[in-house]
Every structure is written in structure tokens, then in C-alpha cells.
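Numbering (this note's numbering), first residue to last: 11 to 121.
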């Protein structure tokens, strides 16, 4: 369900379907692996993520905190209208840099 690609020094994670209680654990393991060493630069490409529930929101914030703790960053890209609304209404959106696509998000790390 979750895939990882590398764009320079940036790890881009993408998946399909909802980011919810059922799907969050496999993603958490992948993200923990990517944040374990060094200075993580992560992008979650949300292009094919249909919706995000509270477990998904918690995972996003936990990953952001883990990246910051290690001197890295965690950005989001390609949010659909529903996911953007969920993040906005819950106040989570203000904690992230969000880009139109993963290429723009990856490029933001070089600035």
C-alpha cells in the first residue's frame, strides 16, 4: 500500500486509499525507519489518499515532530480538497508546509 521513492536526498512516500487506523501502522513503520538516522527530509505525497482520520492525523504530527527533533523536515504534497479541509478544521494544516506536487515539495528542501 505504501511506497517510497528517493528524489536526491528527499524520501517521497506515497500510498493509495485512506490514511486511517487500519493503514496508519504500516506507514508508521516506514516513516520511523526513514526518521531513525541522520537528518530526515520526507514528503508524503497525498495525491491518492482519499481521507485522513484521527489516527492518520496523529501519525502526521508524530512524524513531523520526529523529523524536527533530528533537524529534518516533513512536508505534504498533492492534498485533495477533503484532506485539506480535514487538516484545516482540526488545526493540523498550520503545522505543515503543503505543496501542489511532490517535485515542488522536494525542491523546497534546497532553499
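Note that beta-carbon positions come from the ideal geometry of N, C-alpha and C, so glycine has one too. All of these numbers come straight from a predicted model, not from anything done at the bench.
- Burial state of residue 15 is exposed, judged by a 10 Å Cβ sphere holding fewer than 16 other Cβ atoms.
- Under DSSP, residue 87 forms a beta bridge with 55 and 109.
- The C-alpha of residue 55 lies about 12 Å from the C-alpha of residue 70.
- For residue 16, the enclosing beta strand (DSSP E) starts and ends at 12-17.
- With a threshold of 16 other beta carbon atoms within 10 Å, residue 45 meets it and is buried.
- Checking the DSSP bridge columns, you'll see residue 21 partnered with 16 and 52.
- Shown here, residue 34 sits in a helix according to DSSP, grouped into three states.
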